[in-house]
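Protein chains in written order, with the numbering used here: chain A, 1 to 287; chain B, 1 to 287.
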């Protein structure tokens, strides 16, 4: 268990930890309860904790306590050797997207899924699906969205995560090559003009010339107060202006559900039926 | 007068227009009152209006009605010939930063200064200083900030503007080379962790290895409710981690004052005395 981004409520952490401990032996450094403004302790502390977890040959998976903000601060000085140890699956979402992208830039698979402090709210069934994804030699069951923005089919590695954080790596060396990818995007608390601004950033940076399809997760608390338009309407129009296969409403992100999905693994997006199929297991792909 | 970004209150526009007309003949297309969600009409309308203004040899300066959001949407399809006409000074700030950066990428000077709808609040003296900057063959009077974050002196072209918008061009072909520049940054309504996230984006993209100094304008409504830390404290620490000469509190941006400054023109930042001197006039530099 690590805390590479913001601080969190200790109670939610303990409850999440209890769920993990039903199945695994879980360890954490007491330093993870440190606080420095909006961060779970200093950059040096969070970076050392992350690097130690990645390097330890006895650790099979790394769970992040919470997103928030702070993971991008670590990227500039992550030791090149941090990925030298045996592969292991990192689990998290939202701000943790920065670490996922860095891992995928190094060819790794990781799990876009619940952070530890979110697990209690999602409940035991969601935990069971997360454990299944971590352990199973078979690909996960397909996910269903609820809307087709642009029809068509796309196949490629699933890359992306939180829209805000994905855009924060544009123009940096920490973004994986997105060529041929199916782009996953979700966000929370960003008003429609901000979603538009971030989508436009992806467009100006040439991302939509490289990816093959777009799978949209939850966009929660993204409405403009008293507006006559919705964030979904804005996203649909942006997707249509791009023209790549795009389906929306996948249960991934900050909404009621946050189904775990393997980033860096191959998927097939069938936008007409809003279906996302997984072609590789997360676990065995990591050897 | 053009409206390349968001819609605006007609009353503020008329009041601003009256101030401009005390000195200049001012024209605008009636289409500028069109509205499309958060935009002042369609991309096609706003783009055509911008291109026509830039191409018209009878126009000496282009005032933007308002920022908001929408200028970045125009960048991808601005005609290469849009800058073929005689140089003229574009005036605006906030979202208009996207157009400034595009102009500076083409070697042009433009004016980071009030939008038309802001002029009535700033009053006649502020208008007079804007007109002076537009017309004078001499460099403008120096500006004074109110804090030194990192001492030292830097000289180079002044580039930048709104922090949010500057970061939205990272990794795109619309960002000017920032080598040797003094970077101007201001913002509004961005909480400290978001300022940190954007600053960190600039850092990860290598911007602070290219610029020579940093001049910070207003950061209004950037506080975290009930936090024990301020946005100024966070910005100071970020500046100190970069180590370039940096002074803050210049009267530029969304605050009480919004002094016009020539982007793309050479400046000298004396961070110890929080002084920003202009080495070139805006007007004559444009021939």
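Beta carbons are placed, not taken as given, at the ideal position from N, Cα and C, and that holds for glycine. Please read these numbers as outputs of a predicted model, since none were measured by experiment.
When the distance is taken between beta carbons, is residue j closer than 8 angstroms to residue i?
| i | j | result |
| --- | --- | --- |
| residue 91/B | residue 61/B | yes |
| residue 16/A | residue 116/A | yes |
| residue 213/B | residue 252/B | no |
| residue 147/B | residue 48/B | no |
| residue 187/A | residue 219/A | yes |
| residue 50/B | residue 1/B | no |
| residue 156/A | residue 184/A | no |
| residue 202/A | residue 127/A | no |
| residue 205/A | residue 182/A | no |
| residue 262/A | residue 133/A | yes |
| residue 12/A | residue 120/A | yes |
| residue 176/B | residue 105/B | yes |
| residue 145/B | residue 250/B | yes |
| residue 238/B | residue 210/B | no |
| residue 149/A | residue 23/A | no |
| residue 174/A | residue 89/A | no |
I'd like the list of long-range same chain contacts for residue i, defined as Cβ closer than 6 angstroms, with 5 residues on each side in sequence excluded.
| i | result |
| --- | --- |
| residue 35/A | 7 |
| residue 224/B | 191, 192 |
| residue 277/A | 142, 268 |
| residue 113/A | 91, 130, 260 |
| residue 68/A | 5, 6, 95 |
| residue 198/A | 163, 167 |
| residue 82/B | 51, 54 |
| residue 103/A | 110 |
| residue 25/B | none |
Should residue i go down as buried or exposed, given a rule of 16 or more other Cβ atoms within 10 Å for buried?
| i | result |
| --- | --- |
| residue 190/B | buried |
| residue 5/B | buried |
| residue 270/A | buried |
| residue 151/A | exposed |
| residue 289/A | As shown, chain A starts at 1 and ends at 287. That puts residue 289/A outside it, with no answer to give. |
| residue 27/A | exposed |
| residue 286/A | Because the pLDDT at residue 286/A is just 45, under 50, the model does not fix this residue reliably, and the value given afterwards should be weighed accordingly. The residue is buried, with at least 16 neighbouring Cβ atoms inside 10 Å. |
| residue 228/B | exposed |
| residue 231/A | buried |
| residue 57/A | exposed |
| residue 3/A | buried |
| residue 138/A | exposed |
| residue 98/B | buried |
| residue 136/B | exposed |
| residue 264/B | buried |
| residue 281/A | buried |
| residue 100/A | buried |
| residue 40/B | buried |
| residue 107/A | exposed |
| residue 70/A | buried |
| residue 272/A | exposed |
| residue 247/B | buried |
| residue 283/A | buried |
| residue 79/A | exposed |
| residue 266/B | buried |
Near residue i, what residues of its chain come up, given a Cβ to Cβ distance below 7 angstroms and the 5 sequence neighbours on each side ignored?
| i | result |
| --- | --- |
| residue 73/B | 43 |
| residue 234/B | 192, 195, 196 |
| residue 129/A | 259, 260 |
| residue 9/B | 117 |
| residue 45/A | 31, 34 |
| residue 359/B | Since the first residue shown for chain B is 1 and the last is 287, residue 359/B is missing from the structure and cannot be characterised. |
Can you pull the chain A residues whose beta carbon is under 9 angstroms from the beta carbon of residue i, in chain order?
| i | result |
| --- | --- |
| residue 192/B | 37, 38 |
Counting only Cβ pairs nearer than 9 angstroms, list the residues of chain B close to residue i.
| i | result |
| --- | --- |
| residue 201/A | 72, 167, 168, 169, 170, 171, 172 |
| residue 229/A | 37, 38 |
For a contact meaning CB atoms closer than 7 angstroms, what does residue i contact in chain B?
| i | result |
| --- | --- |
| residue 205/A | 171, 172 |
| residue 197/A | 69, 72, 168 |
So with CB distances below 7 angstroms, who are the chain A contacts of residue i?
| i | result |
| --- | --- |
| residue 76/B | 203, 204 |
Just to confirm my understanding: we take residue i, look at its own chain, exclude 5 residues before and 5 after, and list those with CB closer than 8 angstroms. What are they?
| i | result |
| --- | --- |
| residue 170/B | 201, 202, 205, 207 |
Can you pull out the residues from the region 167-179 of chain A whose beta carbon lies closer than 9 angstroms to at least one beta carbon of chain B?
167, 168, 169, 170, 171, 172, 173, 174, 175
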